[in-house]
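J.:
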Amino acid sequence: MGQVIAFWIFAVAIVGAALGVVLLKNVFRAAILLITCFLGVAGIFILLSADFLAAMQILIYVGAIAILVILAIMLTRELSIGSMSNKFKIPAFIIAALFCAGIIWVVSKTNWQISGTAPAATTTSGLANQLFSKDGYILPVEIIPTVLLATILGAIVLIKDKKK
Amino acid sequence: MTIGLNNYLILSAILFSIGLYGALAKHNAIVILMSIEIMLSAVNIAFVAFSRFITPTALTGQVFALFAMAVAAAETAVGLAIIISIYRNKETIDANKIDLMKW
Amino acid sequence: MQNNFVCLIVLLPFLSFLIVSLILRPMFRKQPKIAGYVTITAVAASFILSVITLCKLIGSPDHVLKVADINWMFIQNGVNIHLGLMVNALTGIMLMVVTTVSLMVQIYSQGYMKDDAGYHRYYAWMSLFTTAMLGLVMANSLLLAFMFWELVGLCSYLLIGFWFHKPSAANAAKKAFIVTRIGDFGFLAAIILLYTHTGTFDIATLQGMAVSGALAGWVLTWAAIGIFAGAVGKSAQFPLHVWLPDAMEGPTPVSALIHAATMAAAGVFLVARTYPLFEHSATALTTVGIIGGFTAIFAASIALVQNDIKRVLAYSTISQLGYMMLGLATGGVAVGIFHLFNHAFFKALLFLGAGSINHATGTFDMREMGGLRKAMPKTFATFCIGAASLAGLWPLSGFWSKDAILSNALDKQPLLFVLVIITVFMTAFYMFRVVFMTFGGTYRGKQHLHESSPVMTIPLFILAGLAIASGWVNLNGGFNSFFGSGTTHSVLEGLFGIFKEPLPWISLILACAGIFLAYAIYSKKWISAEALGKTFAFPYKVFYNKYFVDELYEGIIVKKVLMGGLFAAARWFDSTVIDGGVNTFIIQKVIVKNFFAGLFAFDRNGVDGAVNGVAGTTLAAGKTIRKAQTGQLQFYGLIIGLGIIALIAGVFIFSRV
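Residue numbers (the numbering used here), protein chains in the order written: chain X, 1 to 164; chain D, 165 to 267; chain S, 268 to 924.
1) Among the residues of its own chain, which have a CB less than 7 angstroms from the CB of TRP392(S), if the five just before and after it don't count?
2) Under the rule that 16 or more other beta-carbon atoms within 10 Å means buried, what is GLN57(X), buried or exposed?
3) Between TYR137(X) and VAL227(D), is the Cβ-Cβ spacing less than 8 angstroms?
4) Taking Cβ-Cβ distances shorter than 8 angstroms, what residues in chain S pair up with ILE144(X)?
5) Can you tell me whether MET268(S) is helix, strand or coil according to DSSP?
6) If contact means a Cβ-Cβ distance below 8 angstroms, which residues of the segment 35 to 63 of chain X contact chain D?
7) Return the bridge partner residues of ASP575(S) from the DSSP annotation.
8) On a CA-only basis, which of ILE492(S), LYS669(S), LEU730(S) and LEU799(S) is nearest ASN741(S)? Give me that one, please.
9) Give the straight-line distance between the Cα atoms of PRO877(S) and ALA895(S), rounded to the nearest whole angstrom.
10) Please classify ASN355(S): does DSSP put it in a helix, a strand, or coil?
11) I'd like the span of the alpha helix (DSSP H) that includes HIS464(S), first residue to last.
12) Indicate whether at least one CB of chain X lies closer than 8 angstroms to the CB of LEU886(S).
13) Along chain S, which residues have their Cβ under 7 angstroms away from the Cβ of ALA92(X)?
14) Strictly by DSSP, which residues pair up with SER408(S)?
15) For the segment 108 to 134 of chain X, which residues have a beta carbon sitting closer than 8 angstroms to at least one beta carbon of chain D?
16) Would you report the Cα separation of ALA238(D) and VAL147(X), rounded to the nearest angstrom?
17) Below 7 angstroms on C-beta distance, what does GLN901(S) contact in chain X?
18) Identify which residue in LEU799(S), PHE706(S) and VAL486(S) has its Cα closest to the Cα of PHE545(S).
19) Under a three-way DSSP split, which group does ASP51(X) fall into?
20) How many angstroms separate the CA atom of ASN625(S) from the CA atom of ARG711(S)?
21) For a cutoff of 8 angstroms on Cβ pairs, would you count VAL207(D) as touching chain X?
22) Would you grab the beta carbon distance between ILE788(S) and ILE782(S) for me? Rounded to a whole angstrom, and I think it's under 8 angstroms.
23) Identify the continuous alpha helix (DSSP H) that holds ARG700(S) and give its terminal residues.
24) Quick check: the segment 13 to 21 of chain X against the segment 196 to 205 of chain D, are there 3 or more CB pairs under 8 angstroms?
25) Using 8 angstroms as the limit for Cβ to Cβ distance, is PHE921(S) near chain X?
26) Here's the rule: buried if 16 or more other CB atoms are within 10 angstroms of the residue's CB, otherwise exposed. What is THR122(X)?
27) Spell out whether any CB of chain X is found under 8 angstroms from the CB atom of ILE248(D).
28) For the alpha helix (DSSP H) holding VAL242(D), just list the boundary residues, first then last.
29) Please classify ASP846(S): does DSSP put it in a helix, a strand, or coil?
30) Closer than 8 angstroms by beta-carbon distance: list the chain S residues that pair up with GLY102(X), in chain order.
31) Looking at chain A, is there any beta carbon in it that lies within less than 8 angstroms of the beta carbon of ALA187(D)?
32) Might you give, ordered along the chain, the residues of its own chain that have their beta carbon closer than 6 angstroms to the beta carbon of SER674(S), omitting 5 neighbours on each side?
33) How should GLN587(S) be labelled, buried or exposed, when 16 other C-beta atoms within 10 angstroms of its C-beta is the threshold for buried?
34) Give the straight-line distance between the Cα atoms of PHE919(S) and LYS109(X), rounded to the nearest whole angstrom.
35) Counting only Cβ pairs nearer than 7 angstroms, list the residues of chain X close to ILE178(D).
36) Please go through the same chain and pick out, in chain order, the residues whose beta-carbon is closer than 7 angstroms to the beta-carbon of ILE73(X), but skip the five residues on each side of it.
Spelled out as structure tokens, the structure:
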């Protein structure tokens, strides 16, 4: 019962925040609502018994990405236009609506094989096993740092002041 | 009513569509980036929901969501670097005005 | 066949021609004198062989030597052409004439052409000419004779135009060749006529047929006239005489050899060779006589007023050739050939003398000469001897032959006799006019005068000796009997008995009168030449302009009739009728052209249209589609989204998941 309520609260919060991000004129407020969206997603994760992931979500998304976005907003302040819609408003809406409808129809049509096993209480050890054990996803674990390294270097290069 | 897989998936779909609309229909490049983050989050929800409801013991979905998060972080960093760089050169972050690759 | 050595007479000069042109000229450029030596050696050898031949001829029966001939061409249905040599009395005399004069001229040329750049070329052509002339006199068939005839004409062209960079010389060579060609056309027509009617080219056979009467009537007459036409061309008789004065553009030794002594005489020789044909056709013989007689006086009248030594000598040659023709017509072979024999020597002498004068004074114009007697005594002496011989003074050679012609003309053609007797006077006059203008009085020019070198004067002396003595071979009638006519008598009888007749007296008086008149006008100046010129202004003008014959030929016949009329007609015919016909034929090809036009249209519209259409479509499509590249990211995103939805829809529609 509690789950149902929690879910609906979180769901409404997420969707509302997302709509706000997309529709608001003020970019800064959109950024704040993004943070709200992320917090809501973290809540959903908790409902799905993904506790580690929820923590990660808050850490990474809210702690890093959202801050970065706010930083970028502050660095590229365009007060005149703010955040407006462009000429593709209607086609984008149509496509988004169609896409949504399509996915929902597919999802409801599919026969999901729901397993009845109860999820683990804490997922950390399970994740650790998945990631670092012999049959786990150790390769991606090693590759991700490389990607991050490339990202860091790329970002530095892009941001570097060219006027020497 | 119980919250089944379908609920989470429908939530994910809606979130994804909202993000899609924002990515296609906004001027501001940073808002586009934020929309992309929303899309990625929606996908993470779907992954974790699948993992919870179909294979609860093998946390494959969660692992994938973890990696997706890492990549999203990286991609956001680079994207913002690009936006700032464009802003330095062109004094604008209007996505419609960056059209040098036109016919 | 011990007489085969006569072939060498022809072959030796030909060999020298080959050596000079093929070996000496390319390889021994720097020593031109060798060419002269080789040629002189060859001609001298031919001369010696000719003397031997003559001796043999005198000794042999009928004065004929048998020489083998070669079977040249044998075609199935009876065409059998032999080529060979015919050596009889006529040949023997002609050989002597040609080789002697040729030898003298070659030696003389060593001095005259000494520093000329074309030394090799000169001796090569001279050797070739000697070959051709010797071949002509020895040919036994009309075909072979015609070949050598043409070769002689070619050499004349080459040698007249020897200094080809002078346009006057080149034109003169061209004129000579073309005018003689007109005569050769008649000759060729006669040969063909004879061949078709008799089936042979052999001269001996033809002579026999004429004598026996197998060849008679119009065939014989026309053949004889055709042969005479060739002779008219080569021997410069009226009306084909116009080339000989212009041929004086060539070097003087060339004039001496070719246009005085030998080639010009070839025409006379040809008539003599085929004499039986003329004998048995009265018409032809009369034609020969009339043209000969008329030419004699015609040319002599022109020579009266010319100022160029060589021109005077050229017209004199024409006149003397007329004499020879008349002699042939009235007296037979012996008479005409006797004059040819004598004339060759003294005319060559006169020409070589003129060359010697030119060497000293640098000109041929007599108005710039005078008083050369003291500076050039040897030339003067020999020239006088030649002039006297030509005038017909006793006992020089010219007297005997001219007298023979006159007496025969009196017998056979009285009208012509009147013409030639007047010509005797004129001949003496113009010849001594030359002598007095050139050697008498004082020098009117500006050059430094000197006598010529021995290499030039020795031939003059030799020829002078011959000019005196060559007539004496007939003193005992030997020459005539050599030709099978006349009887022999003692030398003294011949020498002095001549004066029994009145005719020699008349001719002698006329000759002396001519000489005296020349003396009066040009030496003593008792009568002024200019006053005479004014009194006889009209005849003077006519003579001076050569009776306007050249103007007639070039202005009217060539320009108006031929170029304007005949050739223009031919050109019209060719361009309008023939080319028009072809073009009409091509117009008929319009039908074909339509076919081609259809193909062309198909190619242009269909094939090219297709190719261009494809290209055009591609371009148009590109033009339209490129608008899709807006460069706007979100536009692309939109399309991607659209695509994804379409894919999903497609998957669902077609697979019914």
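Backbone N, C-alpha and C define an ideal beta-carbon position, used for all residues, glycine too.
Just so we're clear, the structure is a prediction, and the values are computed from it rather than from any experiment.
T.: Well, looking at it:
1) CYS422, LEU425 and LEU426
2) buried
3) yes
4) Near ILE144(X) there are no residues of chain S at all, since even the closest Cβ is about 26 angstroms away, more than 8 angstroms.
5) The pLDDT assigned to MET268(S) is 47, lower than 50, so where the model puts this residue is not dependable, and the model offers no usable value.
6) CYS37, PHE38, VAL41, ILE44, PHE45, LEU47, LEU48, SER49, ALA50, PHE52, LEU53, MET56, GLN57, ILE60 and TYR61
7) ASP632(S)
8) LYS669(S)
9) In the sequence as displayed, the identity of residue 877(S) is Ala instead of Pro. Distance between the alpha carbons of ALA877(S) and ALA895(S): 27 angstroms.
10) strand
11) 434 to 465
12) no
13) LEU905
14) ASP469(S)
15) SER108, TRP112, GLN113, ILE114, SER115, THR117, ALA118, PRO119, ALA120, THR123, GLY126, LEU127, GLN130 and LEU131
16) 8 angstroms
17) ASN86 and PHE88
18) VAL486(S)
19) helix
20) 14 angstroms
21) no
22) ILE788(S) to ILE782(S), Cβ: 11 angstroms. No contact.
23) 681 to 706
24) yes
25) no
26) exposed
27) yes
28) 224 to 254
29) helix
30) ILE912, ILE915 and ALA916
31) Among the protein chains in the structure shown, which are X, D and S, there is no chain A.
32) LEU770
33) buried
34) 12 angstroms
35) VAL15 and CYS100
36) VAL27, PHE28 and ALA31
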